[in-house]
Amino acid sequence: MSGNQSILVSVYGANQICASCVNAPSSIDTYEWLQAAISRKYEKADVRYEYIDIFEPPKTDLHQEIREQVEEDELFYPVVLVNHKVVVDGIPQIKTIYQALEEVGITKA
């Protein structure tokens, strides 16, 4: 990754597991798992993380838009974004997230 550009990984979720993701990890578990997996693979990368409860999102347009898409079953939580772009929803695939990180300039340690 060039320069000091920080990458933001956002995970939108809820305390309850989504109905279609019954056997999947919780949103918080996914958030913690992503932090560990990304920091292992990209040790020197400047990655920031945020967890947003979809039932109590901040009052920004993006957060409200994600919440509405979940409520309308367009997206399933957890929803993972990289630099404010939706990468995966529902049960996340780590390879898809790694690919999105590399597309925004992150490189392996």
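Under the working numbering, the first residue of the sequence shown is numbered 77, with each subsequent residue one higher. We treat Cβ as the ideally placed atom computed from N, Cα and C, and that holds for glycine.
Asked, Found
"Relative to the C-alpha of P168, which candidate in Q92, W109, N91 has its C-alpha closest?", "W109"
"Determine whether the Cβ of L138 lies closer than 8 Å to any Cβ atom of chain D.", "Structure shown: chain D not included; a single protein chain is present."
"Is it true that the CB of I83 sits closer than 8 Å to the CB of A121?", "yes"
"Should D105 go down as buried or exposed, given a rule of 16 or more other Cβ atoms within 10 Å for buried?", "exposed"
"At which residues does the alpha helix (DSSP H) containing E126 begin and terminate?", "Element bounds for E126: not the alpha helix (DSSP H) but the beta strand (DSSP E), 123 to 129."
"Quickly, what does DSSP pair K135 with across the bridge? List them, please.", "None; K135 has no bridge partner."
"Are the Cβ atoms of Y153 and V162 separated by less than 8 Å?", "no"
"Check whether the Cβ atoms of V87 and Y118 lie closer than 8 Å to each other.", "no"
"Determine the direct distance from the alpha carbon of A100 to that of I173, and round the result to whole angstroms.", "17 Å"
"If you draw a straight line from the alpha carbon of V180 to that of H160, how long is it in whole angstroms?", "11 Å"
"Start and end of the alpha helix (DSSP H) containing Y174?", "170 to 179"
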